[in-house]
Structures are given as structure tokens and as C-alpha cells.
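Each remark here refers to the structure printed beneath this line.
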Amino acid sequence: MSQELTQRSLVDWDAAAQLAAKMTPPGPTPAPREMSKAVESLRYFAHESVHHVHTITRLDAAENLRDSTVLVVDRAGWAKANTQTFSVLMQPVFDRLRAKDPQKFDAARRGVAPTATAAEMAAFVGFLSSKVLGQYDPYAGLVSETAARSHPGGRLMFVAPNVLWTEKELNVAPEDFRLWVCLHEQTHRVQFAAAPWLRDHMLEQITSLGSLDASVWDRVRALASSVTGRSRGERPDAGLGPLTHLLTAQERATVSHVTAVMSLLEGHANAVMDAVDARIVPTVKTIRRRFDNRSADHSVVDRFIRSVLGMDAKMRQYSNGQKFVEHIVEREGMDRFNTVWSSPQTLPTEAEIHDPRAWVERVLR
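Residue numbers (the numbering used here): 2 to 366.
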């Protein structure tokens with residue numbers, strides 16, 4: 002990180018990335034031959050799943066995913082990569098806060114120390130690294146000029162130790178489980194390929210939350226308590242956690258919109274992985290039943306945003322995203338549902354996630 006960027010941030014992102022890689026527990030360490038076979042298997046199913054996603058979603062974008070990459074990584078590699086992505090998400094927020102009131106921002110920097118927040122961020126990412134099975138990161142191409150050249154369309158990662166651990170914990174057929182996981186993550190990859198405007202749209206929404214009228218210091222304290230879990234045992238209030246009293250009406254509307262889009266993306270991916278024919282994943286029903294008994298497995302960026310905003314209560318609506326998708330597909334057909342990827346205006350509102358008929362009337366009629 003350059004000296005100039007260090008002065009613009011409340012987190013030393015280089016230190017955070019290095020610490021995250023060091024602090025991350027390695028997880029299961031099977032014999033090299035077993036791990037090698039698992040990595041090869043995940044790569045195979047990552048490729049194989051694209052055809053099935055295309056068949057189910059009828060999104061032609063699935064046939065051309067050459068601008069994004071697929072990686073099978075360990076926990077440390079995942080942690081380092083995601084720390085870099087989080088810097089992309091947060092830096093515009095810090096820039097807006099600094100431009101709005103440089104003196105307060107500089108005081109906040111002195112108060113929280115970027116190296117201290119780097120350690121907190123590393124601990125947060127290290128925790129997530131032990132939970133995540135796979136992740137499509139649409140923002141990975143924004144990290145650097147090199148990333149923009151190698152994977153402008155994002156990056157799909159599978160965390161091999163976690164996949165191995167989970168399939169054993171659930172006692173499910175390994176190959177079925179790996180294909181099932183790949184179906185979910187490849188669906189996210191196809192979503193952003195089908196809606197190339199979606200990445201920048203979401204980034205703009207997230208960044209816009211950096212224009213709070215409250216003091217920089219209050220916001221930093223709220224962020225720190227959210228990310229590190231030190232919230233004095235208080236539960237999020239009204240679904241927005243420690244930032245509830247800081248949000249304007251416009252910012253509440255933005256949070257509502259982000260929630261709706263996340264619900265759509267996750268619900269659509271869940272619908273696809275559950276729609277796969279039993280001839281392709283013979284034990285799909287067993288996998289779903291046992292997987293649902295685990296804690297909810299939201300996407301990584303979702304977890305970060307929810308942590309920063311205290312949106313855990315809001316994100317309990319994710320199950321409604323799948324109901325929204327399945328309701329419309331059942332009544333209108335997949336091709337009509339795919340209108341949702343046309344523009345920001347065709348995305349559902351939070352209210353429409355709960356009332357799919359309202360979306361149909363607004364967009365399809």
C-alpha cells in the first residue's frame with residue numbers, strides 16, 4: 002500500500018492481508034494424495050457445473066465466462082484474497098468521509114490506528130476462512146491493474162480444506178457434495194456475467210453509505226464493534242445494528258435495496274442448486290437436509306457487509322429470496338424471470354421479495 006493510500010484509510014490493508022494469512026488456522030490436513038485428488042475433483046466439478054447452471058437458468062452468459070478465473074485455495078490464500086477485496090469495498094467509503102471532514106477523519110485515524118484495525122480485520126477474515134466453502138468475488142478484478150487484466154470478470158474460489166471437512170462432517174457423498182457446492186457458486190458467477198452492470202451498481206450502493214451525517218468517530222467505533230463482535234452483548238436494533246441511529250432515510254432505503262439484491266442473488270443460487278436433477282446429483286435431497294442443519298452459509302461479501310452494518314436480522318430474509326425466485330419461475334417461466342437481470346430498475350425491492358406478485362405486476366405486466 003502506498004504512503005498516500007495509507008493516509009486515506011482507517012485500515013492498513015497490507016498489514017491486514019499479511020496478518021490474515023498468518024492468523025488463519027490451516028484446518029484439516031489430509032494426506033497429500035487425498036488433498037491433491039480433492040483439488041482435482043473441485044476443478045473438474047467447477048467446470049462441469051457450468052453446463053448444468055446454463056441448462057437450469059437458461060442464461061446464455063454461462064457459455065462465456067472467460068473473463069473470470071477459477072481457483073482452488075487453502076484458508077490462508079482465501080483470507081489474503083478477501084482482505085484485498087474488502088479494501089476495494091471500504092476505501093471509497095473512507096475517501097468520502099475524509100473529503101467531507103478531513104480534520105475529523107484524521108482524528109479518527111489517530112484514535113483507531115490503522116495497524117490496530119488491521120489486526121481486527123485479519124481476525125475477522127481469519128474466522129470466516131474456516132467457514133467458507135466457495136465464493137464468487139465479482140470485485141476481485143478491481144484490486145489492482147494486474148487483477149484487472151487477469152480476471153476482469155471476477156474470481157471464483159473454492160476452499161479445499163473446508164469442503165473436505167464439511168462433506169465428512171455431514172457424512173455425504175463427496176462427489177455429489179462438491180458438484181452441489183460448485184453449482185451454487187457458478188450460479189453467482191453467471192448472475193454477474195448476465196448482468197455486467199450489477200457489480201458497479203452494488204459497489205455504488207455500498208459506497209453511498211459512506212456519506213453519513215454523524216461524526217466519523219461514531220461511525221468508526223460502530224464499524225469496529227461490528228467487525229470484531231465487541232458490541233457489549235447488544236443485539237442489532239431494527240435489523241441495522243449499531244448504525245441504526247446514524248442512518249438517514251435515504252441510507253435506510255439503500256440498505257433495503259442492498260438487502261433485496263442480496264436476497265435475490267442468494268435465493269436464485271439456492272433455487273438452482275436445488276433444481277438439479279437427481280440423475281446429476283443423486284443425493285441432492287440428503288445433502289440439502291443435512292446442510293440446512295448447519296449455520297447459514299452466506300457469501301463472503303454478504304458476511305462482511307452484514308457485519309459492518311449489523312444487518313443480521315435483515316439477512317434472515319434470505320430464505321425469502323428463494324421463495325421469490327421459485328414463485329415467479331413456476332408461474333411465469335424461467336425466461337420471464339430472467340428479466341430481473343436487465344437493469345437496476347428490474348431488480349426487486351425488499352417489499353417485492355416478500356410479495357413476488359408485486360414484482361410481476363411492476364416489471365412483467
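All C-beta atoms, glycine included, are put in the ideal place defined by N, C-alpha and C.
Predicted, not measured: the structure shown is a model, and the values here were computed from it.
Who are the near neighbours of residue i in its chain, counting only those whose CB is closer than 7 Å to its CB and skipping five residues on each side?
i: Ser10; result: Gln92, Phe95 and Pro115
i: Ser42; result: Glu176 and Arg179
i: Leu184; result: Ser50, His53, Val54, Val273, Met274 and Val277
i: Gly142; result: Ala148, Ala149, His152, Pro153, Gly154 and Gly155
i: Gly234; result: Unreliable placement is indicated for Gly234, whose pLDDT of 41 sits below 50; the coordinate value is still reported in the next sentence. Counting only Cβ-Cβ distances below 7 Å, and skipping sequence neighbours, we find nothing.
i: Arg99; result: Arg9 and Phe106
i: Gly357; result: Checking the displayed sequence, the identity of residue 357 turns out to be Pro instead of Gly. Cβ neighbours of Pro357 beyond the five flanking positions: Phe325, His328 and Ile329.
Rounding to the nearest angstrom, what Cα-Cα distance links residue i and residue j in this structure?
i: Arg97; j: Trp342; result: 29 Å
i: Ala109; j: Ala195; result: 41 Å
i: Ala32; j: Gly127; result: 23 Å
i: Thr229; j: Leu365; result: For Thr229, the predicted structure reports a pLDDT of 42, less than 50, and the residue's modelled location is therefore unreliable. A value from the coordinates is still provided. Taking the straight line from one Cα to the other gives about 43 Å.
i: Pro237; j: Ser257; result: Bear in mind that the predicted position of Pro237 carries a pLDDT of just 36, short of 50, making it unreliable; the figure below should be weighed with that in mind. Each residue's Cα considered, the two are about 15 Å apart.
i: Thr25; j: Ala123; result: 8 Å
i: Pro197; j: Leu66; result: 12 Å
i: Ala47; j: Asp107; result: 45 Å
i: Val40; j: Ala161; result: 6 Å
i: Val89; j: Ala17; result: 13 Å
i: Gln19; j: Lys81; result: 7 Å
i: Pro103; j: Arg111; result: 12 Å
i: Ile207; j: Pro27; result: 31 Å
i: Ala279; j: Lys286; result: 8 Å
i: Lys101; j: Trp181; result: 46 Å
i: Glu121; j: Val144; result: 21 Å
i: Lys132; j: Asn163; result: 7 Å
i: Lys38; j: Lys169; result: 15 Å
i: Ala22; j: Gln187; result: 25 Å
i: Gln85; j: Tyr140; result: 10 Å
Can you name, in chain order, every residue of its own chain whose Cβ lies under 6 Å from the Cβ of residue i, other than the five neighbours on each side?
i: Thr269; result: According to the sequence displayed, residue 269 carries His and not Thr. For His269, where only same-chain residues beyond five positions count, the Cβ hits under 6 Å are Val326.
i: Val191; result: Val54, Leu60, Ala62 and Ala63
i: Ala359; result: Glu353
i: Pro345; result: His202
Using a Cβ-Cβ cutoff of less than 8 Å, which residues in the same chain neighbour residue i once the five nearest sequence positions on both sides are dropped?
i: Arg44; result: Val71 and Val73
i: Leu171; result: Phe178, Ile288, Arg291, Phe292 and Arg295
i: Arg337; result: Ile329 and Leu365
i: Arg34; result: none
i: Asn321; result: Ser264, Gly268, Ile354 and His355
Which whole-angstrom value is the C-beta distance of residue i and residue j, which I expect to be below 8 Å?
i: His152; j: Asp68; result: 7 Å
i: Arg291; j: Val173; result: 6 Å
i: Ala261; j: Glu351; result: 4 Å
i: Ser209; j: Thr167; result: Not quite, the Cβ-Cβ distance comes to about 36 Å (not below 8 Å), so this is no contact.
With DSSP run on the structure shown, which of helix, strand or coil describes residue i?
i: Tyr45; result: helix
i: Leu157; result: strand
i: Gly135; result: strand
i: Val12; result: coil
i: Asp75; result: coil
i: Asp102; result: coil
i: Pro162; result: helix
i: Ala276; result: helix
So what does residue i bridge to, in DSSP terms?
i: Thr70; result: Arg156
Closer than 7 Å, CB to CB, is residue i near chain D or not?
i: Glu327; result: Given the protein chain composition of this structure (a single chain), no chain D is represented.
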